[in-house]
Amino acid sequence: MQIILNNASMIPIYEQMVDQIKNQIIDGKLKETESLPSVRALAASLKISALTVKKAYDRLEEEGFVVTVHGKGTYVAPTNRALAVEARRKTVEEDFARALEKARAVGMEPEEIRQIIEILLEE
Numbered sequence: 006m007q008i009i010l011n012n013a014s015m016i017p018i019y020e021q022m023v024d025q026i027k028n029q030i031i032d033g034k035l036k037e038t039e040s041l042p043s044v045r046a047l048a049a050s051l052k053i054s055a056l057t058v059k060k061a062y063d064r065l066e067e068e069g070f071v072v073t074v075h076g077k078g079t080y081v082a083p084t085n086r087a088l089a090v091e092a093r094r095k096t097v098e099e100d101f102a103r104a105l106e107k108a109r110a111v112g113m114e115p116e117e118i119r120q121i122i123e124i125l126l127e128e
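Here is the structure:
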């Protein structure tokens with residue numbers, strides 16, 4: 006499992022971890038029942054607090070992406086493909102919503118926004 010953290014990002018580290026682990030599960034890079042690194046091992050390798058890793062793992066468990074067996078470790082949960090696709094779709098919708106907020110904040114009209122989207126879709 007590879008995680009790259011951006012300390013300069015406005016996105017909290019645990020959220021960066023959650024997003025990257027989710028994407029690896031959805032993309033099939035992390036397989037069902039595969040063991041994730043222990044909280045302490047991952048914290049040490051990323052040089053971050055174990056509490057941050059624990060928070061990320063807890064969030065992933067709440068969302069159904071991993072299962073923690075106390076004393077054994079954290080494992081990729083058997084995935085419901087529809088759930089995984091919906092999670093990816095929700096992330097894209099949130100990104101679009103933030104982009105629209107920015108566009109509106111600088112005074113762009115709906116037609117200008119549509120033109121940008123059409124240009125990007127053509128690329």
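Residues in the sequence shown are numbered from 6 upward in steps of one, following the working numbering. We put the CB at the ideal spot given by N, CA and C, even for glycine.
What span of residues does the alpha helix (DSSP H) with residue i cover, start to end?
i: Thr57; result: Ala55 to Glu67
Run through DSSP, which three-state label would residue i get?
i: Thr96; result: helix
i: Val111; result: coil
i: Glu117; result: helix
i: Glu128; result: coil
Beta-carbon separation of residue i and residue j under 7 Å?
i: Ala55; j: Val72; result: no
i: Met22; j: Ile8; result: yes
i: Thr79; j: Tyr62; result: yes
i: Ile131; j: Leu65; result: Given a span of 6 to 128 for the chain in the structure shown, any question on residue 131 remains unanswerable.
i: Tyr131; j: Lys60; result: Because the chain spans 6 through 128 in this model, residue 131 falls outside it and cannot be assessed.
i: Val58; j: Ala49; result: no
i: Val81; j: Leu35; result: yes
i: Ile118; j: Ala110; result: no
Please report the residue range of the beta strand (DSSP E) in which residue i lies.
i: Gly78; result: Gly78 to Val81
i: Val74; result: Val71 to Val74
Quick check on the burial criterion: 16 or more other C-beta atoms within 10 angstroms. Buried or exposed for residue i?
i: Ala102; result: exposed
i: Leu125; result: exposed
i: Leu41; result: buried
Would you say the beta carbon of residue i is closer than 6 Å to some non-hydrogen atom of the ligand NAD?
i: Val74; result: For the structure depicted, the ligand NAD is absent and the ligand set is empty, with no information on it obtainable.
- Item | Length at least 4, wholly inside the stretch 8 to 58: the alpha helix (DSSP H) runs in chain order | 18 to 31 and 44 to 51
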